[in-house]
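Protein chains in written order, with the numbering used here: chain A, 112 to 478; chain B, 109 to 331.
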Ligand SMILES: Nc1ncnc2c1ncn2[C@@H]1O[C@H](COP(=O)(O)OP(=O)(O)OP(=O)(O)O)[C@@H](O)[C@H]1O
Ligand SMILES: [Mg+2]
């Protein structure tokens, strides 16, 4: 049966190739978009988690996407929170989203002294920390992507800044500047967007007790334990599931339609052979199975080509946009492959059923 | 000697409906064919010979009446059982030699044997040799002459060792030498191996080799 299926696929090479390519495109679309989505989200949440704080305190009702609000949190809270039992350090942070050379960036306004206390701090790779309000620091990844060097000038929020240092990528934002300077720029003196809190111990109970205490004392504040941050961030993206669902359906429907059309035309032109097979002793189910098998072979090849295309386009996207992150998990690779083949099997069902119910003699009379 | 009836038609009729006319291709034929018989069916073109052969081989269902193969009435069989019965008992040689164009001669026979669960590499070679195609086994139908294609389709019918061979003008497109060879092969299978042979033919000489000749006219059997 396999040799028959393969010989049939070889007969119309262009059609088979188009099917394979279409299935492959569906797979690529799925893997790249989902990879991009989860890559960007998890990379940005990782950068927050790696700061090293145990709790993030935001005004109640804020987005977990840091940078969507500037400051409406009085920095004075910091001192009060610091007095709570189990709190080892509090660092106020101002976030703001702006574009630098047409690329969107979240900028952190950092109080270096307290920032060092709540985590590992910014680890300097080149240059030095800022000494005045006209200096900013960028991370290595941005420096590499843009070619920024210590001493270069960058302009954002309508002001020029000098890059005084470059820190290790993977922690915090890609652009950091002194907290007072950002407060000044945004005309929000003594305000912060959030507080990072370091607890006396990493122990889960200590952390959650502190979080409860903060929430209890200040109903206007919402503490989030950093351990739960990544999940909270994903839950915060309202349309993520719908978006991924749409991509999944697109990949499935592409496979389905292409295989349906291809096999349907195949059946029309092979009516006579199907009659021969029936006449020499093939059952209806044999005919069905051989046609579904054809589709599975096509889709499996499409899936493999799709894996290759996804790999290549991922490389290409990362080359063209080095600040993006694409994470393709094994789980999604398996799901994408499964969807490609599922779509093909579903698309093959109708043509296969039709073929199996051809009257052998009628089919033989086809010229 | 009391022989088994292998094929039995009870008042079978077949009406085709091309467009909005109806063609009564076979009109109430009853006949019995016994194991090991050699029967020819003759008659003018369009009188229903092929249709009768398809009915006897249960390739089409009769409009009325019934066909019994090896004592098993076929009218209520499920596709799988009917196909199984045909695989086991019947080998067809079609008027238009129906080969699968993408497959070589060898693979065309291979499909037929595999459908019957036979592993028959040697048998395939032997039968292709018998029809004189030992040096063309790996050619596809479009690389074979019309007569050669006909011989492949005969080999395909024989390779599964069917009890009954139904052949629709098997020598129609062959020269007299090849056609004599094929007939010798078929009659030998009939005489020595006890295969039942039913041949539709226009050729008087070939018809005359049979033990019984059925004359058809307008969908009926005359005498
Ligand atoms: N599938 C079909 N649909 C409609 N009419 C058909 C069909 N098959 C056969 N017929 C008609 O039925 C009649 C008998 O056809 P059949 O093929 O059995 O004749 P035949 O005796 O084998 O002729 P020939 O010697 O030319 O092969 C013819 O009139 C033919 O046109
Ligand atoms: Mg005929």
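Cβ coordinates follow ideal geometry from the N, Cα and C atoms, glycine included.
What you are looking at is a predicted structure, and each value in this text was computed from that prediction instead of being measured.
Checklist line | Same chain, Cβ closer than 8 Å to residue 255 (chain B), five either side skipped, listed in chain order | finding: 281, 282, 283, 286
Checklist line | Selected residue, minimal CA-CA separation from residue 220 (chain B), among A:425, A:447, A:112, A:422 | finding: A:112
Margin query: Just verifying my parser: in three-state terms, what is the DSSP assignment at residue 215 (chain B)?
Written below: helix
Check: Looking at the structure shown, is residue 278 (chain A) part of a helix, part of a strand, or coil, going by DSSP?
Finding: strand
Item checked: Residues of the region 151 to 168 of chain A with Cβ closer than 9 Å to any Cβ of chain B, in chain order -> none
Check: Which residues share a DSSP beta bridge with residue 310 (chain A)?
Finding: A:198
Notebook entry, point to check: the region 385 to 398 of chain A: which residues have C-beta closer than 9 Å to a C-beta of chain B, in chain order?
Noted result: 386, 387, 388, 389, 390, 391, 392, 393, 394, 395, 396, 397
Check: Can a CB atom of chain A be found closer than 8 Å to the CB of residue 194 (chain B)?
Finding: yes
Checklist line | As assigned by DSSP and simplified to three states, the class of residue 281 (chain B) | finding: coil
Notebook entry, point to check: In whole angstroms, what separates the C-alpha of residue 109 (chain B) from that of residue 320 (chain B)?
Noted result: For residue 109 (chain B), the predicted model reports a pLDDT of 47, less than 50, meaning its position is unreliable; a value from the coordinates is still stated below. Using only the alpha carbons, I get a separation of about 18 Å.
Margin query: Does the structure place the region 242 to 254 of chain B close enough to the region 208 to 215 of chain B that three or more beta carbon pairs sit under 8 Å?
Written below: yes
Check: Can you name the residues of chain A whose CB is closer than 9 Å to the CB of residue 246 (chain B)?
Finding: Those do not exist, as residue 246 (chain B) stays about 13 Å from chain A at its closest Cβ, beyond 9 Å.
Check: I think residue 166 (chain A) touches residue 321 (chain A), with their Cβ atoms under 8 Å apart; what is that distance to the nearest whole Å?
Finding: 6 Å
Checklist line | Contact shell at 6 Å, judged by CB to any heavy atom of ligand 4, ordered along the chain | finding: In the structure on display, ligand 4 does not appear, and the ligands it does have are ligand 1 and ligand 2.
Check: With 8 Å set as the bound, which would you pick, yes or no: does the beta-carbon of residue 400 (chain A) sit closer than that to a beta-carbon of chain B?
Finding: no
Margin query: On the CB-based measure, 16 or more other CB atoms within 10 Å of its CB, does residue 364 (chain B) come out buried or exposed?
Written below: Since the first and last residues shown for chain B are 109 and 331, residue 364 (chain B) lies out of range.
Item checked: Rounded Cβ spacing between residue 154 (chain A) and residue 436 (chain A) (contact assumed at less than 8 Å) -> 4 Å
Notebook entry, point to check: Is residue 192 (chain B) near ligand 1, in the sense that its beta carbon is under 7 Å from a heavy atom of that ligand?
Noted result: no
Note to self: Please list, in chain order, the residues of the region 448 to 476 of chain A that have any C-beta partner in chain B closer than 8 Å.
What the structure shows: 470, 471, 472, 475
Next item on the list: Tell me whether residue 126 (chain B) counts as near ligand 1, meaning its Cβ is closer than 7 Å to at least one heavy atom of that ligand.
Entry: yes
Checklist line | Closest residue to residue 390 (chain A) among A:196, A:263, A:183, A:475 (Cα-Cα distance) | finding: A:475
Next item on the list: Could you check the C-alpha separation between residue 229 (chain B) and residue 245 (chain B) for me, to the nearest Å?
Entry: 12 Å
Checklist line | Same chain, Cβ closer than 8 Å to residue 300 (chain A), neighbours up to 5 away in sequence not counted | finding: 294
Checklist line | Rounded separation between residue 151 (chain A) and residue 425 (chain A) - CA only | finding: 13 Å
Check: Is the beta carbon of residue 249 (chain A) sitting closer than 8 Å to the one on residue 259 (chain A)?
Finding: yes
Check: How would you list, in chain order, the residues of chain B whose beta-carbon sits under 9 Å from the beta-carbon of residue 115 (chain A)?
Finding: 208, 210, 211, 215, 219
Notebook entry, point to check: When every heavy atom of ligand 1 is checked, does at least one fall within less than 7 Å of the C-beta of residue 133 (chain B)?
Noted result: yes
Check: Would you say residue 109 (chain B) reaches chain A, if we count a Cβ-Cβ gap shorter than 8 Å as a contact?
Finding: Reliability of the predicted coordinates at residue 109 (chain B) is poor, the pLDDT of 47 falling under 50, and the value obtained from them is presented with this limitation in mind. So no, residue 109 (chain B) is outside the interface.
Note to self: Just to confirm the assignment, what range does the beta strand (DSSP E) spanning residue 132 (chain B) have?
What the structure shows: 131 to 142
Note to self: Counting C-beta neighbours from all protein chains within 10 Å, is the total for residue 419 (chain A) 16 or more, i.e. buried, or is it exposed?
What the structure shows: exposed
Check: Just how far apart, CA to CA, sit residue 296 (chain B) and residue 304 (chain B)?
Finding: 11 Å
Next item on the list: From the DSSP output, in three-state form, read off residue 182 (chain B) for me.
Entry: coil
Margin query: Quick check on the DSSP output: the alpha helix (DSSP H) that includes residue 352 (chain A) runs from which residue to which?
Written below: 351 to 390
Notebook entry, point to check: Exposed or buried, which one is residue 479 (chain A) when buried takes at least 16 other CB atoms within 10 Å?
Noted result: Past the edges of chain A, shown from 112 to 478, lies residue 479 (chain A), and the structure says nothing about it.
Item checked: residue 191 (chain B): contacting residues in chain A (beta-carbon distance under 9 Å) -> 389, 392, 393, 394, 395, 397
Check: residue 151 (chain B) by DSSP, collapsed to three states: which one?
Finding: coil
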